[in-house]
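Enquirer: Input: one structure, supplied below.
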Amino acid sequence: MARALTHRSPFIRVLSAIAIGSVFFAGAWTVAYAVLPEGATRFSLGFAPTLDARANAGAVAATVFLWNSLLGFGVIIIASAYSVGPISLGYFAPWTWLVRFGLALGTNSFVLVIPGARAMPLDPAVLLTHAGVREMLAYFIVAAVLANATLWRQRRLTDRRLVRVRHLRDLRFTLPEVALLASGFVILAWSAALEAGQIARLQSL
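Our numbering applies: residue 13 is where the sequence shown begins, and numbers increase by one.
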């Protein structure tokens, strides 16, 4: 696993991180749907409807994109500066968010919902249309690109010392990594536009 997550190819790193996250995502979605009541994790995910997407979907999309870029990418960038052993801590943010996303899908726990419309585990319609899926993909791409850009390393989980691995000025990215990083921003913008449309439809109900 560690070898795949730190592979020289950023594409293998992306696919490996998504594969690992998908296992936890499927488990969280299935357990939430089978065991937890509707709305059980509503506090954990969702965009608060403080903006009227019906009146200005473009502004809502821009706000969502800015929020996700600063918060989502920001957390990943900071975490990617550190690793435990060879594994970048940047991976753990999208893995955690993907589990929370699965719990939210299984319990219909978003701020704007259709009551009773719980998504069955791994429903293809949800996977193909939900904005959150694209958002998670963008996060995984950025985490994987930055996975080998560690600045500080904790040799093992029980070790309390951080060892300097490299300086910021030493970072170099390959052309495929730069292209993937750019695609992450494009996918996140696509996700924000899709989410704004979904918010507008729900606010119209």
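Here a beta-carbon is modelled for each residue, glycine too, at the ideal position from N, C-alpha and C.
In this structure, does DSSP put Arg-165 in helix, strand or coil?
Expert: strand
Enquirer: Between the segment 182-195 and the segment 109-120, do at least 3 Cβ pairs fall closer than 8 Å?
Expert: no
Enquirer: State the start and end residues of the unbroken alpha helix (DSSP H) segment that holds Val-177.
Expert: Boundaries for Val-177: no alpha helix (DSSP H) harbours it, and the DSSP string shows neither H nor E there.
Enquirer: Secondary structure at Ser-34, three-state DSSP: helix, strand or coil?
Expert: When DSSP states are grouped into helix, strand and coil, Ser-34 belongs to the helix group.
Enquirer: So what does DSSP say about Ser-203, is it helix, strand or coil?
Expert: In the structure shown, Ser-203 sits in a helix (DSSP, three-state: H, G or I).
Enquirer: Helix, strand or coil: how does DSSP classify Ser-95 here?
Expert: strand
Enquirer: Should Met-148 be labelled buried (16 or more other beta-carbon atoms within 10 Å of its own) or exposed?
Expert: buried
Enquirer: Could you tell me whether the segment 166-177 touches the segment 135-146, using the rule of 3 or more Cβ pairs below 8 Å?
Expert: Result no; under three Cβ-Cβ pairs closer than 8 Å.
Enquirer: Cα separation between Thr-42 and Asp-182?
Expert: 44 Å
Enquirer: Have a look at Leu-268 and Gly-70 and give me their C-alpha separation to the nearest angstrom.
Expert: Examination of residue 268 is not possible in this model, given that the chain is present from 13 through 217 alone.
Enquirer: Straight-line CA distance for Asn-80 to Ala-212?
Expert: Their Cα atoms are separated by approximately 18 Å.
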